[in-house]
Amino acid sequence: MSSVQPFGISDDDRRPPVSDLLEVAQRGLGAKPKRLPSWLFYDELGSALFERICEQPEYYLTRCETALMEEHAASIADTLGSDVRLVEYGSGNARKTRLLLQHLHAPVAYIPVEISPEPLRQSVERLAMEFPRLPLQPLCADFSKPLRLPIPPRAPRRTVVYFPGSTIGNFENREAAVLLRKMRNEMGDGGGILIGVDLKKDQAVIEAAYNDRAGVTADFTLNMLARLNREIGSNFELSAFGHRAHYNPMAGRIETHIVSRRDQQVKIGRASVPFRADEAIQVEYSCKYSLEDFAALAAKAGLAVLRVWTDPQQMFSVQYLVRASTLTR
Ligand code: AVI
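Numbering of the sequence shown is given in the numbering used here, commencing with residue 200 and proceeding in unit increments.
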């Protein structure tokens with residue numbers, strides 16, 4: 200059942216309960232090789248650490264995407280057209296969205312979808328002050344699951360799903376296609392997807408972005424273990440694990456692992472999980488695409504790329520996708 204919280208946030212009640220976290224940890228750490236899902240990064244502290252990653256000089260993604268939005272927001276808004284209902288997946292602080300909202304023509308509503316309730320509440324509070332005439336319909340939910348979108352205040356001309364940050368890259372190819380197809384269903388026949396996509400480039404530049412000198416990414420990665428300690432009472436000793444992020448050129452992705460620095464045992468629920476020295480837990484993929492790679496992925500989901508905005512060095516791209524069938528009519 201949907202419930203309404205202060206500030207009008209709908210909560211679809213589908214975030215994992217604590218018992219699920221224990222099960223997720225037991226299953227992932229019992230697998231060979233060990234593996235934990237990347238959504239575990241984003242508790243309140245993890246979300247705050249991610250905001251800090253975005254400010255690191257090596258993490259070019261946010262800087263490049265923001266610059267693209269600053270330069271092209273008016274042309275993007277023209278492409279989306281008037282009377283749009285904008286649904287943002289994983290809205291966080293919605294910094295890039297402001298640039299878009301400033302240019303959208305008579306938007307019907309903005310629906311930020313965010314799994315962490317506190318960042319969602321704060322960002323909606325700020326947006327309400329900055330855009331007093333824009334109907335805000337925040338939804339506290341996991342965007343990778345089917346969403347129950349709130350009823351719009353008036354009929355939109357189209358629904359556009361906004362998915363910035365190259366978060367699509369955190370899904371393996373098959374899951375990314377499934378997620379894009381889910382968006383395709385949610386946006387309906389005449390809708391679209393505005394998506395940020397990180398592009399392939401010099402391996403050293405990509406690796407530096409995931410190994411910042413200040414160590415914020417390492418803290419973000421290890422917070423996953425700290426979160427398990429806090430929430431399921433495991434006893435990971437954080438100093439006995441390290442962060443490792445390497446680019447795999449064959450797969451075209453950063454592969455992030457948490458590596459055990461020594462032989463050790465960790466208590467997970469009633470079980471004791473053994474770790475060998477140098478044994479790794481796979482925690483995240485961050486896929487990088489060529490423009491052709493991404494068009495092929497979109498096609499797998501029944502989508503076509505209508506427009507691409509990119510910088511002269513092709514560091515990053517913002518792309519507008521529509522149903523492939525609408526182009527062939
Ligand atoms: C959210 N996502 C797009 C980030 C990325 O670049 O894969 C998460 C991240 N992980 C480490 N640094 C940033």
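C-beta: ideal position from N, C-alpha, C; glycine also.
Distance between beta carbons of residue j and residue i, contact taken as under 8 Å
i    : j    : result
Q255 : A413 : 6 Å
L393 : Y288 : L393 to Y288, Cβ: 11 Å. No contact.
R475 : D462 : 6 Å
V482 : I457 : 6 Å
V521 : A503 : 6 Å
Y361 : V415 : With a Cβ gap of about 25 Å, Y361 and V415 do not count as contacting.
S281 : A305 : 5 Å
P355 : V307 : 4 Å
D510 : C253 : No, D510 and C253 are not in contact; Cβ-Cβ is about 17 Å, not under 8 Å.
I467 : L228 : 6 Å
G291 : E313 : 7 Å
S485 : N369 : 6 Å
A266 : H302 : No, A266 and H302 are not in contact; Cβ-Cβ is about 15 Å, not under 8 Å.
L248 : N422 : 6 Å
L398 : F515 : 6 Å
T278 : R506 : 6 Å
Residue i classed as buried or exposed, judged by whether at least 16 other C-beta atoms fall within 10 angstroms
i    : result
K344 : exposed
K295 : buried
S489 : exposed
D219 : exposed
V404 : exposed
L324 : Just to set this straight, residue 324 is Glu in the shown sequence, not Leu. Answer is exposed; the Cβ neighbour count stays below 16.
S471 : exposed
V517 : buried
E373 : The sequence given here places Arg at residue 373; Glu does not occur at that position. Exposed is the call here.
S315 : buried
A497 : buried
Q336 : buried
K487 : buried
E270 : exposed
N434 : exposed
E436 : exposed
L526 : exposed
I367 : buried
M530 : The requested residue 530 does not occur in the structure, where the chain is confined to residues 200 to 528.
R213 : The pLDDT assigned to R213 is 42, lower than 50, so where the model puts this residue is not dependable, and the model offers no usable value.
I350 : exposed
A230 : exposed
R426 : buried
S524 : exposed
A375 : buried
G387 : exposed
M449 : exposed
D477 : exposed
L347 : Here residue 347 is Arg; the residue named in the question, Leu, does not match the sequence. Its Cβ having fewer than 16 others within 10 Å, R347 is exposed.
R469 : exposed
Segment limits, beta strand (DSSP E) that includes residue i
i    : result
E483 : 479 to 486
R506 : 502 to 509
E371 : That residue, E371, is in no beta strand (DSSP E); it is neither H nor E in DSSP.
A470 : 470 to 474
F249 : First-last for F249: 243 to 252, but that is the alpha helix (DSSP H), not the beta strand (DSSP E).
L520 : 515 to 522
Residue interval of the alpha helix (DSSP H) (run including residue i)
i    : result
L496 : 490 to 499
S274 : 259 to 279
Where are the beta strand (DSSP E) runs, 3 residues long or more, that stay fully inside the stretch 388 to 464, in chain order?
391 to 397, 440 to 447, 452 to 459
Curious, which full-length alpha helix (DSSP H) runs of at least 4 residues does the stretch 287 to 359 contain?
294 to 300, 316 to 329
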